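Colleague:
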Amino acid sequence: MVTPVAIVLTVLVLYPLGYGIYQSLTDANESNVASTIGAFHRPATYKFVGLDNYWHVLSGADSDFYPRLLWTVIWTVSCVTLQVGIGMGLAVLLNRKVRFRGFYRAMLILPWAVPSFIGVFAWRLMLNSQYGVFNEIITAFGLPAQDWLGT
Numbered sequence: 014m015v016t017p018v019a020i021v022l023t024v025l026v027l028y029p030l031g032y033g034i035y036q037s038l039t040d041a042n043e044s045n046v047a048s049t050i051g052a053f054h055r056p057a058t059y060k061f062v063g064l065d066n067y068w069h070v071l072s073g074a075d076s077d078f079y080p081r082l083l084w085t086v087i088w089t090v091s092c093v094t095l096q097v098g099i100g101m102g103l104a105v106l107l108n109r110k111v112r113f114r115g116f117y118r119a120m121l122i123l124p125w126a127v128p129s130f131i132g133v134f135a136w137r138l139m140l141n142s143q144y145g146v147f148n149e150i151i152t153a154f155g156l157p158a159q160d161w162l163g164t
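Quick note on numbering: my numbering labels position 99 of the sequence shown as 112, and the sequence is numbered without any gaps.
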């Protein structure tokens with residue numbers, strides 16, 4: 014049971030992570046990576062540069078890094094503060110005895126709940142045994158219709 018999970022984790026997480034780290038240690042850019050356009054194949058010409066890319070960014074040679082990092086921190090702190098503040102304020106407000114409290118609670122829950130219901134109904138229609146789109150596709154290829162949602 015662990016092997017399939019390990020394979021999926023390796024393919025979807027560990028390989029891209031490792032390849033990204035490897036690429037960060039080279040001088041690869043859009044002009045020196047391998048590419049194939051039609052019958053024309055251009056081989057990769059990038060070189061290993063070690064930690065030079067990191068040194069270039071962290072030493073201040075790239076003057077854009079630190080201002081952008083500062084704005085990222087400001088944006089993150091602002092968003093988290095506002096979301097937590099608004100959420101806590103609404104939670105406190107809706108736990109008090111307020112007129113139409115049930116209506117307000119329902120209005121807050123609906124945007125979260127409705128997409129799930131719409132997804133369920135859409136899949137039920139697509140998998141319908143009589144007029145669902147999946148059965149239309151497989152019967153067009155001469156295969157028998159399936160009762161996808163039957164037991």
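Glycine included, C-beta positions come from ideal geometry on N, C-alpha and C.
Just so it is clear, the structure is predicted and the values come from calculations on it, not from any experiment.
How close, in whole Å, do the beta carbons of Phe-147 and Trp-161 come, if the pair is a contact with beta carbons under 8 angstroms?
Modeller: What you label residue 147 is simply residue 134 of the sequence shown in a count that begins at 1. What you label residue 161 is simply residue 148 of the sequence shown in a count that begins at 1. Correct: roughly 7 angstroms between the Cβ atoms.
Colleague: With a Cβ-Cβ cutoff of 8 angstroms, do Val-168 and Asp-40 count as a contact?
Modeller: Past the edges of the chain, shown from 14 to 164, lies residue 168, and the structure says nothing about it.
Colleague: Please determine, among Pro-29, Leu-25, Lys-60, the residue with the shortest C-alpha to C-alpha distance to Leu-38.
Modeller: Sequence index remark: in the sequence shown, residue 38 carries index 25 (1-based). Leu-38 has its Cα closest to that of Lys-60, out of Pro-29, Leu-25, Lys-60.
Colleague: Which residue wins for smallest C-alpha separation from Asn-66, given the options Pro-29, Leu-30, Phe-78?
Modeller: Residue 66 sits at position 53 when you count from the first residue of the sequence shown. Answer by Cα proximity: Phe-78.
Colleague: Contact check, Leu-121 vs Leu-106 under 8 angstroms by CB: the rounded distance?
Modeller: Along the sequence shown, one-based indexing puts residue 121 at 108. Along the sequence shown, one-based indexing puts residue 106 at 93. Not a contact, Cβ separation roughly 10 angstroms.
Colleague: If we require 4 or more residues per run, which alpha helix (DSSP H) segments fall completely within the segment 18-65?
Modeller: Within the segment 18-65, the complete alpha helix (DSSP H) runs of at least 4 residues are 28-37.
Colleague: Does Trp-161 come out as helix, strand or coil in the three-state DSSP assignment?
Modeller: Sequence index remark: in the sequence shown, residue 161 carries index 148 (1-based). Looking at Trp-161 - three-state DSSP - the assignment turns out to be coil, as it is neither helix nor strand.
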